[in-house]
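In my numbering, the protein residues as written are 3 to 325.
Below is one structure, written out as structure tokens; the observations come after it.
Spelled out as structure tokens, the structure:
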């Protein structure tokens, strides 16, 4: 009887601590309203925050995908994904393509191929996506004259690439200091690095690589698809890729408790990544990574699009999230 009483008290204390943690997060942030997702899904449900407030970046929509059977009585891993508006519903995307994350994660859950996981999908703003996602510290290694030259050339190709001031350190603070505490307090999740992952493609691949390097105590794994090693648009004698590799070699976290996944296709923009894959392989090997904790995969015939990424996303998802 005494043991039962003690156990009951411990449960009450634990519940009280969780509630206090939730209240502390709410005190520190403006009111955040969670609404139901208006679209249809192949699997699971989505809770939406239409304009997640931030002192670091421009407010943006954040979707939280919950698998079928989500329960407050269980604890879930968390997968943070960029370009959130491209993940679930092709009827609302600019190019009518999607990652099909609800299909893929739902199937992997149903087949028990991964641990129970929720997905936090952070939307981008098209006009600042490049500056939000471009790793800031490698960019600062480039001499200012070269930055200006690259920026001016890129502007002629795409107006959204005109900035020569990157804001990715603030974007990562938004995730780590604002979004993650809110998720930890309001959803039934495991909060340790072993169960916290980050993923994206193209510029989203770069910022995922940057996230695990800058915050190895927060993220235990990263999946970087079609990583945009060229930084801006393709041009000859590009000095940018080597700045990324220098940074990665100096900052990649320990392979003892981290996983990292890279891949690339062979068509459209992805074909420009082919010359750099040997450097990725060299760094992974140099830093002690092997087949158990890293991948750098080639997908013949895949291009730089959601239609290619959704064909293969089950591979990095299973690699990161398997028990």
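Quick reminder that beta carbons are idealized off the backbone N, C-alpha and C, glycines included.
Straight across, the Cα-Cα distance linking residue 46 with residue 66 is about 10 Å. Rounded to whole angstroms, the separation of the alpha carbons of residue 94 and residue 224 is 27 Å.
Residue 190 places its beta carbon less than 7 Å from that of residue 77. CA-CA distance, residue 110 to residue 104, rounds to 10 Å.
Assigned with DSSP and collapsed to three states, residue 264 falls in strand. Distance from the CA atom of residue 79 to the CA atom of residue 186, rounded to whole angstroms, is 10 Å.
Pairing residue 229 with residue 301, the inter-Cα distance amounts to about 13 Å.
Rounded to the nearest whole angstrom, the CA to CA distance from residue 62 to residue 128 is 11 Å. Counted as a single uninterrupted DSSP element, the stretch harbouring residue 272 is not any beta strand (DSSP E), since DSSP gives it neither H nor E. Assignment of residue 224 by DSSP, reduced to helix, strand and coil, places it in the strand class. Counting along the chain, residue 119 sits inside the beta strand (DSSP E) bounded by residues 119-124.
Listed in chain order, the non-local C-beta contacts of residue 39 below 6 Å within the same chain comprise 48 and 50, local neighbours out to five positions each way being set aside. If you look at residue 83, you'll find it in the beta strand (DSSP E) that goes 79-83.
In the structure shown, the three-state DSSP call for residue 300 is strand. Taken atom to atom, the span from the alpha-carbon of residue 81 to that of residue 274 is near 28 Å. Residue pairing for residue 200: DSSP places it in a beta bridge opposite 82 and 224.
Going by beta carbons, residue 263 and residue 314 fall outside the 7 Å limit. With fewer than 16 other Cβ atoms inside 10 Å of its own Cβ, residue 237 counts as exposed. For residue 214, the secondary structure class from DSSP, reduced to helix, strand or coil, is helix. According to the DSSP secondary-structure assignment, residue 54 is paired through a beta bridge with 62.
Following the DSSP letters along the chain, one finds residue 115 in no alpha helix (DSSP H), marked with neither H nor E.
By the neighbour-count criterion, in which 16 or more other beta carbons inside 10 Å mark a residue as buried, residue 71 falls on the exposed side. The beta carbon of residue 44 sits closer than 8 Å to the beta carbons of 102, 104, 105 and 108 from its chain, once the five residues preceding and following it are set aside; these are given in chain order. By a beta-carbon distance limit of 8 Å, residue 168 contacts residue 136. Their separation comes to about 5 Å. Closest in C-alpha terms to residue 217, from the list 172, 232 and 240, comes 172.
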